[in-house]
Structure formats: C-alpha cells, structure tokens
Amino acid sequence: MQKTTETFVDALLKGDHAASLRIVQNQREHHSRFTIYNELITPAMHEIGMLWQQNKITVADEHLATAVCDFVLSQTEYDLVQHSDFQETTPKAMFFTVQDEYHYLGLKMVSILFREKDWNVKYYQSNLSIDHVMEQVETWKPAVIGLSFALAYRIEALTAYLKKFSELDYEPEILVGGRLMHQYDFSSIGPPNTTFIENLNELQTWFNKDKTIRRDDSDGKANTSSVI
Amino acid sequence: MEKRIPLPLFRITQDFQIVERSDQAEHTFQYTNDLLDIVDADSHDKLKAMLAHDVEQLDFELNLITKHSPLALYKAFIQKSGEEAFCLFVPIEEQYQLVQNQLTDMQNRLNDTNFQLFEKKEKFSKMVDRSNELSGPYIELSDNLGLLPVFGDLSEEKLVAIKDNVFKRAYVSQPERVLIDFTGVGNIQEEGVRELKDLILVFEQMGIHVVMIGLSPRHALHLKPYRNELQIDFAHSAKIAIKKWLIAEYL
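In structure tokens:
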C-alpha cells in the first residue's frame, strides 16, 4: 500500500476531495475498513506530520489535509447507516475529543470501527466542556467511553476527565488513545478499568478481548464460562 | 542587537544558549537561558534539524510555549552569523486558529448534511421502489380475463418492480387474456417500452393473449415500432374491452 499512501498524501495536501475519496473507495473493494485505516490513512497522516517537521509544508496545509481526510472518513461510514436501529441490549460507546484538542481523526476512526462492530455509538467532535461530557455520560450511561489526546500540555485536562470518570456511580470501561501514550506512565491516573491504546492494532487486541468477555457475559460473570 | 524591535528576537549560540534577547522576547516568553525551554517538545527535532542545514538564512514554522499559551504557532526566521544565530519569531497562531475553527465548523455541518441527505435518499429510494411495486396490480376479472392497470410514468424500474408479482399471479390464474390498461400512464421512457415488450413476450409464451387498452396517441407513437413483432390486440377503452371479452363470456 506504500505507493497508494504516497498518492493519497498528495491528494490530501492538494485538498482534492474527489481523488482522495476515489483512492479510499478503490482500496475498500479489497480491504476492510480496519486495514484501510491502519495501513493507508494512519501512515498518510503520519507522513503529513513528518513533512511539517521537514519544513516541506505549513500548518495550514496540515489543516487542509485533515479536513479532506475527515470528509473521506465520513464517507467510509455511510454504508453503516443502515445499522443505526439499535436495541436496548446493544452495547453503547461514547467518544469525544478533549477540549481544545484538534487531533481527532484517530478517534473518529475508532468510533467508526465500533459502529462497524454493531455498537451503538455517539461521537462528539465538537469542543465539549467537561461538564457537558459528564452530563452526557450520566444520562446515556455508555459501557465504553473513549477519548484521545495528542498534545503533551493537555495532560492535565486528561487527568481531570479520568478523575471525573472514577467518581461515576457505575463503572464504564475507559479507552484513552493518542500517539503520546508510550511517553507517559498513566497507570496511576484514571479508574482501574482504563486502557491506554496507542494505535489501531492495540484497539484490535482490545476488541478480541472484549469479545471473549462478552461471550462469557451471556452465561454469567466474565471468565466463568465453561464453553470455550 | 536592537532590543526595541517589536517582535521576539534572540541571539543564540550553537547549543541553543540565549546570549541576548529583545524586550518583546522577554515580554512574551518565560525567562530562560536555553532556547529549547520555550520550544514545544514536538518541535525540538525540527529546530535542531533546521539549524543543522548548511544555509545562512531560513524560515519555518515552530510551536512555542509562551507565557499565555502552552502551544502557540510561530514562524521562525533564522539568520546564522558565524558561531551564533539570530532567531526572530512572528506569531501566526491567531489567524490560523480562527480559520481552523471555521473550517471545522463547516466540515461538521457538511458532514451532518451529507449524512442526512444520504439517509433521506435511502428512504426516498425505498419509497420509490414500494410505489413502483404498487403501480401495477394484477386484478383477476374472471377465470379467463385479467386486468393490469399501470399507473404513473412508465419506466424500466417500474416494470421490473411489478413484473414478479404480475407473472406469479397470472401463472396461478391462467387467464386467456390480460388487459393492460394505459389510462393511468403518464410519460413513457424508451427503456420502459423495451421492458414492456419483454413483459408482453413473456405473456405470449405463457399462452396469454395481451390486449392494450386506454392508449393515448402519445403512447401509441412510442409503441408503434414494436407493433409488428408483438401479437397484441388493441381496444379503445376498458369499457369496450370488458364488453367484448368479459360480458361475452357470461352471455
């Protein structure tokens, strides 16, 4: 997919919605969403970050590329719309970006992958205040809350969110994503059921684990099933 | 070095130690001797790589840590001079932030609209399919006579939608004749005519005779090219056709 990534980066930086979408749609004929997100879109956005590091593009170029990529991602989500009839038993997942955090593409991909797996998903990209987020969490009671952060100086904000989650009267699973995950030790902050996810492969691992637990769930408590 | 220049300006050594700074630099950034202290961690590598270039003058974007913001975008202009370098920082964050916010808003709105349109389109196309299915009911008038009134514009999609039901019903009741009533038909599309021809041929092969009724002159013009290849009868209206075949049957 190397060659395609280069073409895709090129189209994103030119702001060419049509070409970018065409590339992804062509890939979609042979590859899963996961593969495309993991092997095309993520490397492309990394490459764009590198180009800024090398002074080959400006932040404005990056923003344009992000906007086009966002558009393309939305398109890959459309054919999931028919799955939007949820039943009460469908597990719920809520995703949001930390306030003032504009690196949202990763989280958006995660939210779409959850939707693909038939989760009932709410995804907030807008700049929600912590109070607003907590209000949503308390009324909707999602089983999974996912958030991401990419900027080192926002770590205090992240800590504030995690602290609030540990005060909830139920125990949702918390997923925290972002490229900085390996640089910090977060084990001391956040509720015990917090998982830090650095990339989509780790998300896949989490999905597999979650599947096992949920299979057990129907029989009783987690990991108590005699069915293998 | 001119200290009163209205922008942050630093004179630094090769290892980023600040030798001199402008008043504005003091005003904007925390006081430190190491320039890297006021550069965002993610921008350190970029600054080092840029300064390692073998050119005297360069400009590039850099994220800096100011007294007011933990992350502010600046354009750095560097002039190397022997062992030292002059670094001038021009803020660009504010204009970007404004445009970025607007862009994000517009993007969100566009996505929402796209999504709603998509959902509406799905709903609409289901309604059209349903409406097509209902536009050609097969009615059993007697053991020997069936009626197929067609409603609305005659399109390929419509005939495809009604065909299944019509053939199934006709096969079960095995009439001698089927009256296809065009009274309720508006415009005829060329693809629609071809599909109609196929429908008639299937009836013929099932041994069912087709009679077209209620054709307007406009309809007739469309069907004329197929007149010779199809074994069909024509009648002016439902009234005449019913008199001829239905009432005759009971006399």
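In the order they appear, the protein sequences are chains A and B. Using full-length UniProt numbering, you'd call the opening residue of the first sequence number 1 and step up by one each time. Using full-length UniProt numbering, you'd call the opening residue of the second sequence number 1 and step up by one each time. Note that CB positions come from ideal geometry on N, CA and C, so glycine has one too. Only a predicted model underlies this, so the values are computations on that prediction, with no experimental measurement involved.
Residue i - DSSP class collapsed to helix/strand/coil
i                      : result
residue 113 of chain A : helix
residue 151 of chain A : coil
residue 20 of chain B  : strand
residue 188 of chain B : strand
residue 156 of chain A : helix
residue 120 of chain A : strand
residue 49 of chain A  : helix
residue 226 of chain A : Note that residue 226 of chain A scores a pLDDT of 40, beneath 50, so its modelled location is shaky; the value from the coordinates is reported in the next line. The answer is coil: DSSP assigns residue 226 of chain A none of H, G, I, E or B.
residue 58 of chain B  : strand
residue 75 of chain B  : strand
residue 220 of chain A : Per-residue confidence for residue 220 of chain A stands at a pLDDT of 43, beneath the threshold of 50, marking its modelled position as unreliable; the derived number appears in the next sentence. Coil at residue 220 of chain A, not helix or strand.
residue 172 of chain A : coil
residue 89 of chain B  : strand
residue 144 of chain A : strand
residue 66 of chain B  : coil
residue 224 of chain B : helix
residue 232 of chain B : strand
residue 229 of chain A : Lying before the first or after the last residue shown, residue 229 of chain A is absent from chain A, which here runs from 1 to 228.
residue 16 of chain A  : coil
residue 31 of chain A  : coil
residue 90 of chain A  : coil
residue 1 of chain A   : coil
residue 192 of chain A : coil
Chain-ordered chain A contacts of residue i [CB-CB under 8 Å]
i                      : result
residue 41 of chain B  : 152
residue 61 of chain B  : 52, 55, 58, 59
residue 50 of chain B  : 55
residue 228 of chain B : Simply none; closest approach about 46 Å.
Any C-beta of chain A under 8 Å from that of residue i
i                      : result
residue 144 of chain B : no
residue 45 of chain B  : yes
residue 116 of chain B : no
Any C-beta of chain B under 8 Å from that of residue i
i                      : result
residue 71 of chain A  : yes
residue 78 of chain A  : yes
residue 146 of chain A : no
residue 125 of chain A : yes
residue 37 of chain A  : no
residue 102 of chain A : yes
residue 21 of chain A  : no
Chain-ordered chain B contacts of residue i [CB-CB under 7 Å]
i                     : result
residue 67 of chain A : 103, 107
residue 63 of chain A : 100, 103
Under 7 Å from the C-beta of residue i: neighbouring residues of chain A
i                      : result
residue 89 of chain B  : The contacting residues do not exist; residue 89 of chain B stays about 15 Å from chain A at best.
residue 127 of chain B : Correct list: empty, because the minimum Cβ distance to chain A is about 16 Å.
residue 111 of chain B : 74
Closer than 7 Å: residue i CB and nearest the ligand SAH heavy atom
i                    : result
residue 1 of chain B : Absence of the ligand SAH from the depicted structure is noted, as is the absence of any ligand whatsoever, leaving it without description.
Local Cβ density within 10 Å of residue i, reported as buried at 16 or more and exposed below that
i                      : result
residue 158 of chain B : buried
residue 181 of chain B : buried
residue 186 of chain B : exposed
residue 70 of chain A  : buried
residue 69 of chain B  : exposed
residue 125 of chain B : exposed
residue 192 of chain A : exposed
residue 43 of chain B  : buried
residue 101 of chain B : exposed
residue 23 of chain A  : buried
residue 263 of chain B : Only positions 1 to 251 of chain B appear in this structure, which leaves residue 263 of chain B out of reach.
residue 154 of chain A : buried
residue 18 of chain A  : exposed
residue 135 of chain B : buried
residue 219 of chain B : buried
residue 174 of chain A : buried
residue 52 of chain B  : exposed
residue 15 of chain A  : exposed
Where residue i meets chain A, residues with beta-carbon distance less than 9 Å
i                      : result
residue 73 of chain B  : 59
residue 132 of chain B : Residues of chain A passing the Cβ test: none, with the nearest at roughly 21 Å.
Task: Any 3 or more C-beta pairs closer than 8 Å across the stretch 108-123 of chain A and the stretch 31-38 of chain B - done: These segments do not touch.
Open item on the list: Whether or not the stretch 46-62 of chain A and the stretch 2-20 of chain A are in contact is what I'm after, with contact meaning three or more pairs of Cβ atoms, one per stretch, closer than 8 Å; do they touch?
Closed with: Enough Cβ pairs lie closer than 8 Å, so yes.
Open item on the list: Taking 8 Å as the cut-off, does the stretch 160-177 of chain B touch the stretch 131-146 of chain B (at least 3 CB pairs, one atom from each stretch)?
Closed with: Yes: at least three Cβ pairs fall under 8 Å.
Open item on the list: Closer than 8 Å is the cut-off here; do at least three beta carbon pairs connect the stretch 139-159 of chain A with the stretch 95-111 of chain A?
Closed with: The stretch 139-159 of chain A, when compared against the stretch 95-111 of chain A, does touch it at the 8 Å Cβ threshold.
Task: contact_flag[the stretch 199-216 of chain B, the stretch 227-236 of chain B] where n(CB pairs < 8 Å) is 3 or more - done: Yes, the stretch 199-216 of chain B touches the stretch 227-236 of chain B.
Open item on the list: Whether or not the stretch 71-78 of chain B and the stretch 50-60 of chain B are in contact is what I'm after, with contact meaning three or more pairs of Cβ atoms, one per stretch, closer than 8 Å; do they touch?
Closed with: Enough Cβ pairs lie closer than 8 Å, so yes.
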